[in-house]
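Q: My questions will all concern the structure given below.
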Amino acid sequence: MSDIATTAVHEGVRVVTVLRPRLLDPETVEAFDALLRATRAEAPTCALVIDLSQVRFVSSSLLGHLVLLWREAQTDGAVVALAGVSHGLQQLLRITDIDRIITTYPDAGQGIAALRRAQGGASG
Amino acid sequence: MSSTRERALTDVPTGAGPVLLVDPDPIARSVFSQCLRRAGREVVVLGDGNLAWDMLCTDHDFRTVIVDQHAPGVDGPELVRRLRARRDGNYAYAIITTRSSAQEDLKRAVASGADDVLVKPFLFEALVQRLEVAARISALEDKLARRNRVLEAYQRRNRQTLEAAARVQRTLLPARAPDLHGVATAWLYQPCEELGGDLLNLLPLDDRHLAFWVLDVSGHGVSSALLAVQVSRFLAPTLGQESLIRPSSASGTRIAPPHEVLERLNALFPMDRQTRHYLTIVYGILDASTGEVTYACAGHPGPLVVRADGGCERLDRPGVAIGWLPEGQAHYADGHFTLAPGERLYCYSDGVTEACDAHERGFGVHRLAAILATARALPLADSLATLAGELARWSGEDAEGGDDVSILAIARADIAAGGNP
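Same order as they appear, the protein sequences are chains A and B.
At the far end of the first sequence sits residue 567, using the working numbering, and the numbering has no gaps.
At the far end of the second sequence sits residue 438, using the working numbering, and the numbering has no gaps.
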């Protein structure tokens, strides 16, 4: 089990909850990226919510990883969303315009509900 | 003669060198030295610890030292302690011989750094076995020392290469202040490693227009620096058709608006899937005659403008980082403002605002703005020096890691007021 993040499935939506307040050093970022990729590989078309509510700092490298993940998910027809973004991180996401690329939700619960509706709409 | 002794006579292990034997007892010296010679070992025999230490100081070839605990002058444990303190890279295997089996004596012998303790009387075979161990350890120590030397040489070459590369990278920074009437410039560039993923520049486009940019490649180290250098090449005004900022065509050259520069950069530098490097940039053009500034940002903080009254404005302009979206999908819009006489603009990388103190608090844009506003009465370069001092204080002496710090400053002189930017 990873000490960086946990993974779970809620109502058909995969949720990765980051456990660390800092995702800064290259080793942590690489390990987190590997975890996200492994989660996506298990169900490539499944919606994924990344819960960042416990995160205070992220490195700029991590943003690149997230954008690549989002692009790959798009190719598979899957959705990746962020949830629980802290005020400090929001500023970073706004400057980099990442919040216009990857949808963000106030918390994981709202993210799950929205993606579930979207999945339902898409399949129905 | 036993087979063990025959083997010892003919099979001197690799790593075996001359043996220094120190014993105050002449009979013991005679017996041991004969035995060791029969075992094929070169032996120097002494009865005094002082003489032994003198010899060890001048002759570093001894790979095994056998010394009696109570050798006169410098005794066994003291001799071994001195041997271990000698950091010349040559390891000598040390055996202390003693007639005492008292725990205190054995402890003192081992604490001195001895590899082994032999309690007299002992069998010659026991000594030969110890010498085989000594030879094996010496061979390993030699191998380790050789590898360390190779590693040190590699590290030295690496450092020299990085320093040379850093010198080359620095040639890409502004060589001198652009000669534009009423405009002063200054910059600060502090890579967190030898090579930085940040770069900045100030480039006159004609006698009125000054281009300025600060870019920040994600990550650190050589690969980030190489990408930064590669990008900067396209941001030079004298490259003809290749220049993104002053492209030429059959009809002549023109000044490209910032949004166009960023869109073309995005087309040229898609995010690499292996390195996952991308870059953020603020690019702007100042019209020195009017003070009008046109700028665009790609994932980078916008300029900070210090007004003449001390007010500070952040002119962030969200835009996706270069390389995140495929060509044609990343669009940027130009922002405009006027830099009035007596006002200053600062462009910075996030290494400034994200510098952390001992409590992991970020320096922050508000602190940055407050310092620059307070320093507005100082000459432009001094305002950056003040900021650098505040940043160093914030990060602390033990700061490690961190990010590149790049700041570029432009000021218009308040000529009517006789001001100097």
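Note that the Cβ used here is the ideal one computed from N, Cα and C, for glycine as well.
As the structure is a computational prediction, the values presented were derived from the model and not from experiment.
#1: Using a cut-off of 7 Å between C-beta atoms, extract the partners of Arg293 of chain B located in chain A.
#2: Got a sec: which bits of the stretch 328 to 355 of chain B sit with their beta carbon under 7 Å from any beta carbon on chain A, in order along the chain?
#3: Give the range of the alpha helix (DSSP H) segment to which Tyr206 of chain B is assigned.
#4: How far does the alpha helix (DSSP H) with Trp341 of chain B in it extend, from its first residue to its last?
#5: Please list the partners that Asp446 of chain A has in chain B, where partner means a Cβ-to-Cβ separation under 8 Å.
#6: For chain B, check one thing: does any of its Cβ atoms lie closer than 8 Å to the Cβ of Ser566 of chain A?
#7: By the 10 Å Cβ neighbour count, where 16 or more other Cβ atoms means buried, how is Asp223 of chain B classified, buried or exposed?
#8: Counting only beta-carbon separations shorter than 8 Å, does Ile544 of chain A have a partner in chain B?
#9: Please look up how many angstroms separate the CB atoms of Tyr300 of chain B and Ser235 of chain B, rounded, as I've assumed it's under 8 Å.
#10: Return the bridge partner residues of Asp224 of chain B from the DSSP annotation.
#11: So, are the CB atoms of Leu532 of chain A and Val510 of chain A less than 8 Å apart?
#12: Taking a contact to mean a Cβ-Cβ separation below 8 Å, would you say Arg361 of chain B touches Leu397 of chain B in this structure?
#13: How is Ser423 of chain B classed by DSSP in three states: helix, strand or coil?
#14: Shortest alpha-carbon distance to Leu100 of chain B belongs to which of B:Ser118, B:Arg116 and B:Asp71?
#15: Residue range of the alpha helix (DSSP H) that Asp399 of chain B falls in?
#16: Which of the residues in the stretch 295 to 322 of chain B, read from start to end, lie with their CB under 9 Å from any CB of chain A?
#17: Under the rule that 16 or more other beta-carbon atoms within 10 Å means buried, what is Ala273 of chain B, buried or exposed?
#18: What are the boundary residues of the alpha helix (DSSP H) that includes Asp374 of chain B?
#19: Determine the direct distance from the alpha carbon of Ser268 of chain B to that of Arg376 of chain B, and round the result to whole angstroms.
#20: Find the residues of chain B that neighbour Arg463 of chain A, judging by a C-beta separation of less than 9 Å, and give them in chain order.
#21: What three-state label does DSSP hand Glu210 of chain B in the structure shown?
#22: Compare the C-alpha of Tyr349 of chain B against each of B:Cys314, B:Cys329, B:Thr297 and B:Pro358 and name the closest.
#23: Do you know offhand how far Arg560 of chain A's Cα is from Pro275 of chain B's?
#24: Among the residues of its own chain, which have a CB less than 6 Å from the CB of Asp65 of chain B, if the five just before and after it don't count?
#25: Assign Arg429 of chain B to buried or exposed, taking buried as 16 or more other Cβ atoms, counted over all protein chains shown, within 10 Å of its Cβ.
#26: In chain order, what residues of the same chain have a beta carbon less than 6 Å from the beta carbon of Ala516 of chain A, not counting five sequence neighbours either side?
#27: Could you work out which residue in B:Gly199, B:Cys329 and B:Arg54 is closest to Arg16 of chain B when comparing CA atoms only?
#28: How about the stretch 75 to 88 of chain B and the stretch 106 to 117 of chain B: do they share at least three Cβ pairs that are nearer than 8 Å?
#29: Please specify which runs of the alpha helix (DSSP H), each continuous and at least 4 residues long, are wholly inside the stretch 78 to 117 of chain B, giving them in chain order.
#30: Between the stretch 55 to 64 of chain B and the stretch 95 to 109 of chain B, do three or more beta carbon pairs fall short of 8 Å?
#31: Taking CB distances under 8 Å as the criterion, tell me whether Asp367 of chain B reaches chain A.
#32: Can you give me the C-alpha to C-alpha distance between Asp550 of chain A and Gln534 of chain A, rounded to a whole angstrom?
#33: Do you know offhand how far Ala433 of chain B's Cα is from Ile424 of chain B's?
#34: Taking the C-alpha atoms as reference points, what is the distance between Ile541 of chain A and Leu525 of chain A?
#35: Check whether the stretch 278 to 295 of chain B touches the stretch 344 to 359 of chain B, counting contact only when three or more Cβ pairs, one atom from each stretch, lie closer than 8 Å.
#36: Quick one: measure Cβ to Cβ for Gly214 of chain B and Ser249 of chain B, integer angstroms, because I've assumed they're closer than 8 Å.
A: On the basis of the data shown:
#1: Simply Ser504, Gly507, His508 and Leu511.
#2: From the stretch 328 to 355 of chain B, only Asp333, Pro335, Gly336, Val337, Ala338 and Trp341 have a Cβ closer than 7 Å to chain A.
#3: Run containing Tyr206 of chain B: none in the alpha helix (DSSP H); it sits in the beta strand (DSSP E), Val200 to Gln207.
#4: No alpha helix (DSSP H) holds Trp341 of chain B; DSSP gives it neither H nor E.
#5: Neighbours of Asp446 of chain A on chain B: none; closest Cβ ~19 Å, over 8 Å.
#6: Per-residue confidence for Ser566 of chain A stands at a pLDDT of 45, beneath the threshold of 50, marking its modelled position as unreliable; the derived number appears in the next sentence. Chain B places no beta carbon closer than 8 Å to that of Ser566 of chain A, leaving this residue out of the contacts.
#7: Residue burial annotation: Asp223 of chain B is exposed, with fewer than 16 other C-beta atoms found within 10 angstroms of its C-beta.
#8: At a cut-off of 8 Å between C-beta atoms, Ile544 of chain A counts as an interface residue with respect to chain B.
#9: Wrong, their Cβ atoms sit about 18 Å apart, outside the cutoff.
#10: DSSP lists no beta-bridge partner residue for Asp224 of chain B.
#11: Contact check for Leu532 of chain A against Val510 of chain A fails: the beta carbons are separated by 8 Å or more.
#12: Arg361 of chain B places its beta carbon less than 8 Å from that of Leu397 of chain B.
#13: Ser423 of chain B sits in a strand when the DSSP states are folded into three classes.
#14: Put simply, of B:Ser118, B:Arg116 and B:Asp71 the residue whose alpha carbon is nearest the alpha carbon of Leu100 of chain B is B:Asp71.
#15: Counting along the chain, the alpha helix (DSSP H) containing Asp399 of chain B begins and ends at Leu397 to Ser412.
#16: Within the stretch 295 to 322 of chain B, the residues whose Cβ lies closer than 9 Å to some Cβ of chain A are Tyr295, Thr297, Cys314, Ala315, Gly316, His317, Pro318 and Gly319, listed in chain order.
#17: A residue is called buried once 16 or more other Cβ atoms fall within 10 Å of its Cβ, and Ala273 of chain B is buried on that count.
#18: It is not in any alpha helix (DSSP H) - Asp374 of chain B carries neither H nor E in the DSSP assignment.
#19: It is worth fixing the name first, because residue 376 of chain B is His in this sequence and not Arg. Distance between His376 of chain B and Ser268 of chain B, taken at the CA atoms: about 58 Å.
#20: Within chain B, no residue has its beta carbon less than 9 Å from that of Arg463 of chain A; the closest one is some 13 Å off.
#21: In the structure shown, Glu210 of chain B sits in coil (DSSP, three-state: anything other than H, G, I, E or B).
#22: Ranked by how close their Cα comes to the Cα of Tyr349 of chain B, the residues B:Cys314, B:Cys329, B:Thr297 and B:Pro358 have B:Cys314 in first place.
#23: Roughly 41 Å between the two C-alpha positions.
#24: Taken in chain order, the residues that qualify are Pro89 and Gly90.
#25: The residue in question, Arg429 of chain B, is buried, as its Cβ has 16 or more Cβ neighbours within 10 Å.
#26: Correct list, in chain order: Val523.
#27: This structure cannot speak to residue 16 of chain B, because chain B is shown only from 18 to 438.
#28: Yes: at least three Cβ pairs fall under 8 Å.
#29: As for any alpha helix (DSSP H) of minimum length 4 sitting wholly inside the stretch 78 to 117 of chain B, the runs are 93 to 102, ordered along the chain.
#30: Using a C-beta cut-off of 8 Å, the stretch 55 to 64 of chain B makes no contact with the stretch 95 to 109 of chain B, since fewer than three inter-stretch Cβ pairs fall below that distance.
#31: Yes - at least one Cβ of chain A is within 8 Å of the one on Asp367 of chain B.
#32: About 17 Å.
#33: Low per-residue confidence applies at Ala433 of chain B: pLDDT is 49, beneath 50, and the placement is therefore not dependable, though the value from the model is reported in the following sentence. The alpha-carbon of Ala433 of chain B is positioned some 28 Å away from that of Ile424 of chain B.
#34: The straight-line gap from Cα to Cα measures roughly 10 Å.
#35: The stretch 278 to 295 of chain B makes contact with the stretch 344 to 359 of chain B; the number of CB pairs closer than 8 Å reaches 3 or more.
#36: About 12 Å; that fails the 8 Å criterion.
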